[in-house]
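Take a look at the structure set out below.
2 protein chains.
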Amino acid sequence: MSSEPLFKHLALIGVGLIGSSIAHAARERNLVGHISCTARSEATRQTALDLGIVDSAHASAGDAVTGADLVILCAPVGAYGAIAADISAHLSPGAILSDVGSVKQAVVRDVGPLVPEGVHFIPGHPVAGTEQSGPEAGFAELFDGRWCILTPPPGANQDAVDRLSGFWAKLGSMVEIMDPRHHDQVLAITSHIPHLIAYNIVSTVDDLEKVTEAEVIKYSAGGFRDFTRIAASDPVMWRDVFLNNREAVLEMLGRFSEDLAALQRAIRWGEGDKLEETFTRTRRIRREIIDAGQDLSDPDFGRWSSHPEEEEGE
Amino acid sequence: MSSEPLFKHLALIGVGLIGSSIAHAARERNLVGHISCTARSEATRQTALDLGIVDSAHASAGDAVTGADLVILCAPVGAYGAIAADISAHLSPGAILSDVGSVKQAVVRDVGPLVPEGVHFIPGHPVAGTEQSGPEAGFAELFDGRWCILTPPPGANQDAVDRLSGFWAKLGSMVEIMDPRHHDQVLAITSHIPHLIAYNIVSTVDDLEKVTEAEVIKYSAGGFRDFTRIAASDPVMWRDVFLNNREAVLEMLGRFSEDLAALQRAIRWGEGDKLEETFTRTRRIRREIIDAGQDLSDPDFGRWSSHPEEEEGE
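Chains A and B are the protein sequences, given in the same order. With the first sequence counted from 1, adding 12 to any position gets you my numbering. With the second sequence counted from 1, adding 12 to any position gets you my numbering.
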């Protein structure tokens, strides 16, 4: 614990689930000296101070970043342009400016032009999260064993990329370098479309006449329940994801809908072989995700809340 | 444990996840005397005997049900017609014939006409399960706190309905009586459509050119992972569900697709307010499911397999 911290001063712009988890982990693992933060609401700033995860909390983003050698934007991506304009003049030469947004081309577009000469702009995206929001939702282990994607622009300072990679590795992540356009395509299918269809089916049940909402809730253990979890994710964050990754989301959604129409047709015409073949193929991908350490093999679909102590013993 | 069992002889036609869980729970809670079973494969019958969850295993379904006062069909619903033909002449007068199928109108259609006079036919559906299959996947607590829907035909013997309800209550379930047609509509949206879209998105990633399967697996913690779990469910069981609940599934799928098209349009035209409003509405339903004891509130989306012992301590 007595080793030199990787950065002298970390500034977090936003301390929701991701920002507060970075603060928890960075503090616990002694990765930074001072941690400052800003948040739009006074209550959030106070909570961050009360939790003891930041040393200072500022109403002004410019004040928060002053003197920082690592600045990480942890706000909804729709706010990045305004934030970049606010902090631009306050960034220190040699500082690294990064973020945790779920889209990357839009970040390059909105923030890139406002980064002053001598500041190293290296967008990032830790592929980790829970369905919960706010500074109290964070925990130090969130990034353990999860991938963090960095999208340094062409010609980025290699030393800065290495330092930021090292920071994420110490937060527990495996780090991958990727082109922002490719990032947005990969995440469209692995994250954005799953969220969209989960939001959509939960929204659909809200409007049915033949089945009541009380019935849906009672029998949700049949499968629906699993979708409500990710459909409880932060609405503003996800609004901004869809508005800022439109092209890739619409392209992948087109594929999803086309394939769904084919299954619909197979059901209508009673093509059992086609259904069984599709449902068999999908099992293999599940096994590969478990083998890759990205999920547990324990059966979870039937977990029962009335006996959590028994479940935990398994 | 010395109280009189509810049934002298339980016969299970099929001992997969659900059948073996019934056997585990019925035995552990002393609900039945003898448990017999049949299964199509010799290996499955032997596994059921080796697990000690059945007293006898028979190659012939007719032999398995001989002398039973409770018979439960636990096979894929597409096999019910043939099974009913096989067992019809062997059912004892006064016996209850039930099942655990995820659709109910098709069961009434396929099995009903083959039930002999004096046998009480009361279809059932425990809304519980995991993504795992086979006799080894069963466990006694699967039904605890979950709903079991019974769909007795008009004029069903009330004493028989009460005895079957009592059996499911002792297995841990809350019991609801429902019309088969309404059952199929409720389950279409709470279970069948969720499974269909999960199978579909997992299948879609299999066919993409721009994103590799290795990338999807690596970054699956972004949301995709959650869908792979229910898309790993038994392919034959689910084939039969869709073939046998066609009308309700196609109707609910129509609603889902219509709503998805509206979200797609909102993304295309940058209607952030509409997106945010939809995503906010869906949070409430999640809270109600947790309040109803049908899921845990612990954040799960970010669960990390490399440190299960830490997670369990939360």
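Glycine residues also receive a C-beta, built at the ideal position from the N, C-alpha and C atoms. Keep in mind the model is a prediction, meaning the values are calculated, not measured.
Cβ neighbours of A/GLY184 in the same chain (closer than 6 angstroms, five flanking residues each side left out): Start at 1 with the first residue of the first sequence, and residue 184 of chain A comes out as number 172. Closer than 6 angstroms at Cβ, skipping near neighbours: PHE155, ASP156.
Distance between A/LEU63 and B/ARG39 (C-alpha atoms, nearest Å): On the second sequence, residue 39 of chain B is found 27 positions in, with the first residue counted as 1. On the first sequence, residue 63 of chain A is found 51 positions in, with the first residue counted as 1. Straight-line Cα distance between these residues: approximately 50 angstroms.
Any chain B beta carbon closer than 7 angstroms to A/LYS286: Position 274 of the first sequence, counting from 1, holds the residue named residue 286 of chain A. Cβ-Cβ to chain B under 7 angstroms: no for A/LYS286.
Interfacial residues, the region 213-236 of chain B to chain A, with Cβ spacing under 8 angstroms: Interface annotation for the region 213-236 of chain B against chain A: ILE213, VAL214, SER215, THR216, VAL217, ASP218, ASP219, LEU220, LYS222, VAL223, GLU225, GLU227, VAL228, ILE229, LYS230, TYR231, SER232, ALA233, GLY234, GLY235, PHE236, criterion Cβ-Cβ distance under 8 angstroms.
Pair within 7 angstroms by beta-carbon distance, A/VAL66 and A/CYS49: As a working mapping, residue 66 of chain A is identified with position 54 in the first sequence. As a working mapping, residue 49 of chain A is identified with position 37 in the first sequence. Yes, the Cβ-Cβ distance between A/VAL66 and A/CYS49 is below 7 angstroms.
Member of A/ALA200, A/GLU283, A/ILE279, A/LYS286 whose CA lies at the smallest distance from the CA of A/VAL340: The structure shown does not extend to residue 340 of chain A, since chain A is modelled only from 13 to 326, so the question has no answer here.
Cross-chain neighbours of B/ALA255 in chain A, by beta carbon under 8 angstroms: Residue numbering aside, residue 255 of chain B sits at position 243 when the second sequence is read from its first letter. In the sequence on display, residue 255 of chain B carries Leu and not Ala. Result: ILE279, GLY282, GLY284, LEU287.
For A/ASP48: DSSP bridge partner residues: Residue mapping note: residue 48 of chain A aligns to position 36 of the first sequence, counting from 1. Per the sequence shown, residue 48 of chain A should be read as Ser rather than Asp. DSSP output for A/SER48 lists A/ALA23, A/SER68 as bridge partner(s).
Start-to-end residues for the alpha helix (DSSP H) that takes in B/ILE302: Within the second sequence, residue 302 of chain B is the residue found at index 290, counting from 1. Start and end: 284-303.
Span of the beta strand (DSSP E) around A/PRO105: Position 93 of the first sequence, counted from the start, is the residue given in the question as residue 105 of chain A. Looking at the DSSP string, A/PRO105 is not in any beta strand (DSSP E), and its letter there is neither H nor E.
Bridge-paired residues (DSSP) for B/GLU143: Working through the second sequence from its first residue, we reach residue 143 of chain B at position 131. Looking at the DSSP assignment, B/GLU143 forms no beta bridge with any residue, so it has no partner.
Spatial distance of A/ARG296 from B/THR240 (CA atoms): Residue numbering aside, residue 296 of chain A sits at position 284 when the first sequence is read from its first letter. Residue numbering aside, residue 240 of chain B sits at position 228 when the second sequence is read from its first letter. Distance between the alpha carbons of A/ARG296 and B/THR240 is about 9 angstroms.
Assigned exposure category for B/GLY266 - 16 Cβ within 10 Å defines buried: Counting from 1 along the second sequence, the entry for residue 266 of chain B is found at position 254. The residue in question, B/GLY266, is exposed, as its Cβ has fewer than 16 Cβ neighbours within 10 Å.
Collapsed DSSP secondary structure at B/GLY184 in the structure displayed: Translated into the one-based positions of the second sequence, residue 184 of chain B becomes position 172. The answer is coil: DSSP assigns B/GLY184 none of H, G, I, E or B.
Through-space distance from B/PRO164 to B/ASP191, alpha-carbon basis: By 1-based counting over the second sequence, the position of residue 191 of chain B is 179. By 1-based counting over the second sequence, the position of residue 164 of chain B is 152. Distance between the alpha carbons of B/ASP191 and B/PRO164 is about 8 angstroms.
Short CB-CB distance (under 7 angstroms) between A/TRP250 and chain B: In the first sequence, residue 250 of chain A corresponds to position 238, counting from 1. Judged by the 7 angstroms Cβ criterion, A/TRP250 is in contact with chain B.
Exposure of B/SER53, with buried meaning 16 or more beta-carbon neighbours within 10 Å: To locate residue 53 of chain B, count along the second sequence from 1; it is residue 41. Exposed is the call here.
As assigned by DSSP and simplified to three states, the class of A/PHE236: Position 224 of the first sequence, counting from 1, holds the residue named residue 236 of chain A. Note: A/PHE236 maps to helix in three-state DSSP.
Per-residue DSSP class, three states only, for B/PRO164: The residue given as residue 164 of chain B occupies position 152 in the second sequence. In the structure shown, B/PRO164 sits in coil (DSSP, three-state: anything other than H, G, I, E or B).
Helix, strand or coil at A/TRP281 according to DSSP, with G and I counted as helix: Your numbering for residue 281 of chain A matches position 269 in the first sequence. Here A/TRP281 sits in coil by DSSP.
Under the three-state DSSP convention, the category B/VAL83 falls into: Walking along the second sequence from the start, residue 83 of chain B turns up at place 71. B/VAL83 falls in the strand class under three-state DSSP.
Any non-hydrogen atom of the ligand COA within 6 angstroms of A/ALA172 CB: As presented, the structure is devoid of all ligands, the ligand COA included, so that no description of it is given.
DSSP state of B/GLY90 mapped onto helix, strand, coil: Here residue 90 of chain B refers to the residue found at position 78 when the second sequence is read from its first residue. Here B/GLY90 sits in helix by DSSP.
Between the CA atoms of A/VAL120 and A/ILE189 - distance to the nearest angstrom: On the first sequence, residue 189 of chain A is found 177 positions in, with the first residue counted as 1. On the first sequence, residue 120 of chain A is found 108 positions in, with the first residue counted as 1. Straight-line Cα distance between these residues: approximately 15 angstroms.
Contact check, B/SER68 vs B/ILE84, beta carbons under 7 angstroms: Taking the first residue of the second sequence as 1, we reach residue 68 of chain B at position 56. Taking the first residue of the second sequence as 1, we reach residue 84 of chain B at position 72. Not in contact: B/SER68 and B/ILE84 (Cβ atoms no closer than 7 angstroms).
Contact list for B/PRO206 against chain A, beta-carbon separation under 8 angstroms: By 1-based counting over the second sequence, the position of residue 206 of chain B is 194. Those within 8 angstroms of B/PRO206 in chain A are ILE213, GLY234, GLY235, PHE236, ASP238, PHE239.
Integer Cβ distance of A/LEU162 from A/GLY136, believed to fall under 8 angstroms: As a first step, residue 162 of chain A is located in the first sequence; it is residue number 150 there, counting from the start. As a first step, residue 136 of chain A is located in the first sequence; it is residue number 124 there, counting from the start. Confirmed, about 5 angstroms.
Alpha carbon of B/ALA94 to alpha carbon of B/GLY74, nearest angstrom: The residue you call residue 94 of chain B lines up with position 82 of the second sequence. The residue you call residue 74 of chain B lines up with position 62 of the second sequence. Answer to the nearest angstrom: the Cα atoms are 12 angstroms apart.
Members of the region 167-182 of chain A near chain B, C-beta cut-off 9 angstroms: none
Helix, strand or coil at A/ILE213 according to DSSP, with G and I counted as helix: The count along the first sequence starts at 1 and reaches residue 213 of chain A at position 201. Note: A/ILE213 maps to helix in three-state DSSP.
Residues that B/ARG298 contacts on chain A, provided the C-beta gap is smaller than 8 angstroms: Residue 298 of chain B sits at position 286 when you count from the first residue of the second sequence. Correct list: GLU143, VAL214, THR240, ARG241, ALA243, ALA244.
Interface partners of B/ALA37 on chain A, CB under 8 angstroms: Within the second sequence, residue 37 of chain B is the residue found at index 25, counting from 1. Residues of chain A passing the Cβ test: none, with the nearest at roughly 12 angstroms.
A/ILE34 at chain B interface by Cβ criterion, 7 angstroms: Counted from its first residue, the first sequence places residue 34 of chain A at position 22. No Cβ of chain B is located within less than 7 angstroms of the beta carbon of A/ILE34.
Environment of A/ARG299 [buried if 16+ CB atoms lie within 10 Å]: To locate residue 299 of chain A, count along the first sequence from 1; it is residue 287. The residue in question, A/ARG299, is exposed, as its Cβ has fewer than 16 Cβ neighbours within 10 Å.
Selected residue, minimal CA-CA separation from A/HIS195, among A/PRO138, A/PRO88, A/GLY31, A/ASP246: Within the first sequence, the letter at position 183 stands for residue 195 of chain A. Checking every option, the nearest Cα to that of A/HIS195 belongs to A/PRO138.
Contact with chain B by A/SER317, beta-carbon distance below 7 angstroms: Here residue 317 of chain A corresponds to residue number 305 of the first sequence, with the count starting at 1. With a pLDDT of 31 at A/SER317, under the threshold of 50, the predicted position of this residue should be treated as unreliable, though the coordinate-derived value follows. Yes, because at least one Cβ of chain B sits closer than 7 angstroms to the Cβ of A/SER317.
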